[in-house]
Each structure stands twice: as structure tokens, then as C-alpha cells.
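Q: In our numbering, the protein residues as written are 218 to 327.
Mind looking over this structure? Questions follow.
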Ligand code: 5GP
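Below you can see the structure in the form of C-alpha cells.
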């Protein structure tokens, strides 16, 4: 099923894009919960983490490494940051196209 993130990938709707390569796109969250709040999404639609399989292993790793790279570039790596993926309603997932939240620039409680 198509989501708003597919429309961001295809440029049907605008987003503040931070980074793009063949596998992933990263853009600013429209409702940021931290001074730095990026979403890192695969170009390939995978609805939830439950739908990922071993074929996605490298892609999931690439998403994590992209988060670390973008945290460094945003200047929040040394202070620290949070990387989060929500899954299904109890996990707080709203958009059913997997994404990492990269949040930094403020302290988070445990
Ligand atoms: P989830 O709750 O699914 O883990 O997170 C979805 C995130 O997508 C939310 O933080 C929300 O603010 C963000 N979001 C939803 N729609 C849009 C949009 O159209 N553009 C951007 N940049 N972010 C969006």
C-alpha cells in the first residue's frame, strides 16, 4: 500500500531532503521532536519491521550507518542522539513504510 513516504520519494510532495543514495532517502520530520529530527527511509517500501526478512539485512544496516553519518554531519554525534524505529500501533507507528527516526540536539531521558 502506498504511503506519504512514497510520494516524498517520487517528489510528488515536497520534503526537506538531507541525503539520498540508491537505497535510502533522509529528510527532516515535519513535526520535529528535537532540534535535529530526520527520517531515514528505504526507497523500497517495507511496511513494518515485522515485514523485513534476511534479504533486507544489508539495507537495514545501511539505514543505521546512514543515521550515524548524518548525526556526525549534523554535529550531534559526540553529544549523542537517539535512533528509533516504531512498529505497529503499540509501537507508535503511524506511517507504514519503515523509517528510522534520528533525533539529536537535546538530551533524552532513558
Ligand atoms: P512514526 O510514528 O510512523 O514512527 O513516524 C512518522 C513520522 O513521520 C512522524 O514523526 C511524522 O511527524 C512524520 N511525517 C508524517 N507525515 C510527514 C510528511 O508529510 N512529511 C514529513 N517530512 N514528515 C512526515
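We treat Cβ as the ideally placed atom computed from N, Cα and C, and that holds for glycine.
Keep in mind that this is a model prediction, so the values were computed, not measured.
DSSP has residue 259 in a bridge; who is on the other side?
A: Translated into the one-based positions of the chain shown, residue 259 becomes position 42. Answer is 241.
Q: Helix, strand or coil for residue 322, going by three-state DSSP, please let me know.
A: For the purposes of this step, residue 322 is taken as the residue at position 105 of the chain shown. The answer is coil: DSSP assigns residue 322 none of H, G, I, E or B.
Q: Is residue 325 a contact residue of the ligand 5GP, with contact defined as CB to any heavy atom under 7 Å?
A: What you label residue 325 is simply residue 108 of the chain shown in a count that begins at 1. No, the beta carbon of residue 325 sits no closer than 7 Å to any heavy atom of the ligand 5GP.
Q: Between 327, 325, 318 and 324, which lies nearest to residue 248 when the distance is taken from Cα to Cα?
A: Position 31 of the chain shown, counted from the start, is the residue given in the question as residue 248. Among 327, 325, 318 and 324, the Cα nearest to that of residue 248 belongs to 318.
Q: Please report how far the alpha carbon of residue 222 lies from the alpha carbon of residue 294, in whole angstroms.
A: For the purposes of this step, residue 222 is identified with residue 5 of the chain shown, where counting begins at 1. For the purposes of this step, residue 294 is identified with residue 77 of the chain shown, where counting begins at 1. Going from the Cα of residue 222 to the Cα of residue 294 covers about 26 Å.
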